[in-house]
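In this note's numbering, the protein residues as written are 365 to 519.
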């Protein structure tokens with residue numbers, strides 16, 4: 365069972381960056397900015413040189429070192445949880461999403477020194493979210509973190 369858990373973890377870990385690669389290739393081929401059919405999602409092409417919301421964009425070395433540390437800790441904690449515990453499924457799902465999103469953004473940051481963000485929600489009920497541009501990895505990180513918090517409440 366542990367081997368299967370690790371295999372599923374590795375599949376998700378690899379799938380998120382692959383999906384991001386395909387999505388960004390598709391985005392680069394479009395005339396931007398543009399909307400989806402019902403105008404709930406706006407597509408962009410934004411080079412984010414900082415961390416979330418562009419924080420520390422003028423400190424590339426700090427961003428890179430922080431990225432390495434966070435990715436390493438995330439993967440080590442994930443491997444520990446996957447190897448040490450049979451159950452804790454909710455926590456494992458959250459860790460898979462968090463790790464996959466972290467790996468995706470980290471790889472992009474290592475290669476290009478920035479992360480491409482490509483969609484926003486201009487009609488979101490939360491006004492502060494309307495101008496924030498995300499990528500799929502960001503959503504995986506957010507959902508993973510949220511699921512981990514929920515999972516920890518029920519341990």
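Idealized CB from N, CA, C, for every residue including glycine.
Would you call the CB atoms of residue i and residue j closer than 7 Å?
{"i": "residue 509", "j": "residue 498", "result": "no"}
{"i": "residue 383", "j": "residue 500", "result": "yes"}
{"i": "residue 465", "j": "residue 512", "result": "no"}
{"i": "residue 413", "j": "residue 421", "result": "yes"}
Smallest Cα separation from residue i: which of the options?
{"i": "residue 522", "options": "381, 411 and 376", "result": "No statement about residue 522 is possible, as the shown extent of the chain runs from 365 to 519 and does not include it."}
{"i": "residue 385", "options": "476, 506 and 488", "result": "476"}
{"i": "residue 373", "options": "443, 404, 406 and 429", "result": "443"}
{"i": "residue 439", "options": "514, 503 and 378", "result": "378"}
{"i": "residue 496", "options": "369, 368, 405 and 370", "result": "405"}
{"i": "residue 502", "options": "515, 426, 470 and 514", "result": "470"}
{"i": "residue 481", "options": "449, 368, 514 and 396", "result": "396"}
{"i": "residue 371", "options": "478, 460, 514 and 479", "result": "460"}
Using the Cα positions of residue i and residue j, report the straight-line distance between them to the nearest angstrom.
{"i": "residue 436", "j": "residue 486", "result": "34 Å"}
{"i": "residue 472", "j": "residue 490", "result": "29 Å"}
{"i": "residue 529", "j": "residue 398", "result": "Any answer about residue 529 is impossible in this case: the structure gives the chain only from 365 up to 519."}
{"i": "residue 416", "j": "residue 519", "result": "29 Å"}
{"i": "residue 451", "j": "residue 517", "result": "15 Å"}
{"i": "residue 389", "j": "residue 381", "result": "12 Å"}
{"i": "residue 447", "j": "residue 453", "result": "12 Å"}
{"i": "residue 387", "j": "residue 366", "result": "32 Å"}
{"i": "residue 506", "j": "residue 462", "result": "7 Å"}
{"i": "residue 488", "j": "residue 455", "result": "28 Å"}
{"i": "residue 408", "j": "residue 402", "result": "16 Å"}
{"i": "residue 493", "j": "residue 504", "result": "16 Å"}
{"i": "residue 521", "j": "residue 368", "result": "Since the first residue of the chain shown is 365 and the last is 519, residue 521 is not available in this structure."}
{"i": "residue 375", "j": "residue 468", "result": "13 Å"}
{"i": "residue 514", "j": "residue 400", "result": "32 Å"}
From what residue to what residue does the beta strand (DSSP E) around residue i run?
{"i": "residue 411", "result": "406-412"}
{"i": "residue 482", "result": "479-484"}
What residue does the alpha helix (DSSP H) around residue i start on, and which one ends it?
{"i": "residue 520", "result": "The structure shown does not extend to residue 520, since the chain is modelled only from 365 to 519, so the question has no answer here."}
{"i": "residue 448", "result": "424-448"}
{"i": "residue 458", "result": "453-476"}
{"i": "residue 376", "result": "366-392"}
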